[in-house]
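Chemist: Starting off with a structure, shown below.
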Ligand SMILES: Cc1cc2nc3c(=O)[nH]c(=O)nc-3n(C[C@H](O)[C@H](O)[C@H](O)COP(=O)(O)OP(=O)(O)OC[C@H]3O[C@@H](n4cnc5c(N)ncnc54)[C@H](O)[C@@H]3O)c2cc1C
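In the working numbering, the protein residues as written are 6 to 419.
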């Protein structure tokens with residue numbers, strides 16, 4: 006089978022979803038390829054359940070695709086209003102977050118993509134690409150044992166592992182070589198939590214319970230990271246911590262199993278020791294271990310730690326965020342640093358590269374050092390990068406321009 010599109014997006018996570026919507030709305034015949042049976046990636050299958058990455062001076066309703074997602078979630082009574090949260094037990098980082106129902110989000114993302122007029126190919130795994138004269142000509146996608154050949158004028162790699170950029174030999178970031186990946190976490194939900202009782206605990210009480218749990222070998226982080234998804238007694242938890250190397254297929258599988266063991270340990274401990282959890286049960290676990298980092302590529306500009314800390318503004322900025330540099334260590338602690346200027350910016354040049362003329366990167370694989378990546382990797386920022394990628398892709402199709410020659414100022418999101 007052969008399909009022909011203007012714009013093809015590999016991966017329908019937060020960035021790929023937004024790219025598909027923006028590309029289709031701007032007139033390009035668009036297809037998003039997703040190996041799961043739903044859009045959203047970590048936001049849905051990974052069960053993250055809490056959007057972060059807003060700017061401190063963000064106004065609501067939020068603009069663009071992000072605003073539409075929040076609006077539709079509200080219509081389904083499936084998200085809370087934005088509020089400043091305790092990030093790992095600390096409020097001074099002033100992180101604004103919106104918690105939501107990750108199952109309803111699947112439905113919301115389908116609806117927005119369908120309305121925008123983009124096509125979706127689920128159960129479709131990117132496996133290979135044809136590259137000629139510095140352009141991607143086509144990709145091969147496996148569905149149910151059959152290879153589908155898909156041609157397009159522009160490709161967006163939003164796959165998190167950068168499967169297409171890797172095939173194109175786009176250079177990896179220099180600091181990628183040491184394979185110093187952050188630990189992953191398997192998100193899980195518990196039902197029948199007495200939210201009122203749990204939410205009455207102070208941060209100090211939560212930390213003290215967590216310290217005992219770590220001493221007993223049943224907890225893995227220094228606080229109880231549990232938040233309600235709504236008014237129903239269902240809480241989501243970000244409390245496992247599993248070392249992993251996504252470039253080692255065997256080790257990656259073992260990490261999935263280790264993560265499930267941790268979740269069983271944690272939930273058992275919570276039921277015995279955490280006020281409000283005495284009648285709680287595990288209601289679901291993420292479809293896969295959440296990985297915080299994988300490949301990062303080197304584009305026309307690499308966003309650095311200094312750019313984030315100093316809030317450097319670029320002529321071609323496509324997104325802004327105030328999320329701290331949040332690198333999860335391999336032990337039980339946390340360490341994050343807020344940008345000193347309160348806000349940082351991402352330039353268009355960090356989502357294109359000089360080697361391939363019709364490729365755009367989207368989401369957390371973009372050109373950034375380890376520290377900048379640790380700030381931009383959250384979902385609101387990834388959605389905004391994706392939206393810019395989709396607009397740029399449609400501009401390249403419309404004008405017959407190379408993606409790496411587009412004037413990022415014209416994208417018009419900032
Ligand atoms: C444990 C954990 C907790 C987090 N907590 C938060 C939080 O509280 N708030 C927040 O805002 N962010 C959080 N994040 C970060 C955030 O969830 C991700 O960084 C963000 O969703 C990345 O978006 P993305 O589009 O780059 O990638 P993803 O969401 O990972 O999407 C990539 C998509 O590509 C698809 N794909 C991959 N390979 C292929 C292939 N070969 N063929 C077809 N499809 C493919 C995948 O199935 C997936 O759908 C967390 C991350 C983790 C791991």
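Quick reminder that beta carbons are idealized off the backbone N, C-alpha and C, glycines included.
Because the structure is a prediction, the values reported are computed rather than measured.
Looking at ligand 1, does it come within less than 8 Å of residue 493, judged from the CB to the closest heavy atom?
Modeler: Nothing can be reported for residue 493, as the shown portion of the chain is limited to 6 through 419.
Chemist: Which residue or residues does DSSP assign as beta-bridge partners of residue 130?
Modeler: 147
Chemist: Please classify residue 6: is it buried, with 16 or more other beta-carbons within 10 angstroms of its beta-carbon, or exposed?
Modeler: exposed
Chemist: List the DSSP bridge partners of residue 240.
Modeler: 195 and 233
Chemist: Using only the heavy atoms of ligand 1, determine whether one of them is closer than 8 Å to the beta carbon of residue 130.
Modeler: True, at least one ligand heavy atom lies under 8 Å from that Cβ.
Chemist: Could you tell me the distance, in whole angstroms, from the CA atom of residue 289 to the CA atom of residue 216?
Modeler: 25 Å
Chemist: By the three-class DSSP mapping on this structure, what secondary structure does residue 362 have?
Modeler: coil
Chemist: Would you say the beta carbon of residue 192 comes nearer than 8 Å to a heavy atom of ligand 1?
Modeler: Yes; taking the cut-off as 8 Å, the Cβ of residue 192 has a heavy atom of ligand 1 nearer than that.
Chemist: Here's the rule I'm using: 16 or more other beta-carbon atoms within 10 Å means buried, otherwise exposed. How should residue 421 be labelled?
Modeler: This structure cannot settle anything about residue 421, because the visible part of the chain is limited to 6 through 419.
Chemist: Check the C-beta distance from residue 209 over to residue 127 and give it rounded, since I have them as a contact under 8 Å.
Modeler: Actually they do not touch by this definition, with Cβ atoms about 46 Å apart.
Chemist: Checking 9 Å against the spacing of the C-beta atoms, do residue 356 and residue 405 come in under that value?
Modeler: no
Chemist: Based on the DSSP secondary-structure assignment, which residues constitute the bridge partners of residue 352?
Modeler: 322
Chemist: Looking at residue 72 and ligand 1, is the gap between the Cβ and the nearest heavy atom below 8 Å?
Modeler: no
Chemist: Could you round the C-beta distance between residue 390 and residue 416 to whole angstroms and report it? I think they count as a contact, below 8 Å.
Modeler: 11 Å between Cβ atoms; not a contact.
Chemist: Taking 7 Å as the limit between beta carbons, can you name the residues of its chain near residue 140, skipping five residues before and five after?
Modeler: 361, 362 and 363
Chemist: Taking only three categories from DSSP, how would you classify residue 171?
Modeler: helix
Chemist: Just to check, is the beta-carbon of residue 166 closer than 8 Å to a non-hydrogen atom of ligand 1?
Modeler: yes
Chemist: Compute the beta-carbon to beta-carbon distance between residue 268 and residue 292, rounded to the nearest angstrom, for a pair I have assumed lies under 8 Å.
Modeler: That pair is no contact at about 13 Å.
Chemist: Quick one: Cα of residue 103 to Cα of residue 411, how far?
Modeler: 33 Å
Chemist: For residue 160, which of helix, strand or coil comes out of DSSP?
Modeler: Here residue 160 sits in strand by DSSP.
Chemist: Return the CA-CA distance between residue 29 and residue 369, expressed in angstroms with no decimal places.
Modeler: 22 Å
Chemist: Per DSSP, what are the beta-bridge partners of residue 341 in this structure?
Modeler: 331
Chemist: Buried or exposed, going by whether 16 or more other CB atoms sit within 10 Å of the CB of residue 19?
Modeler: buried
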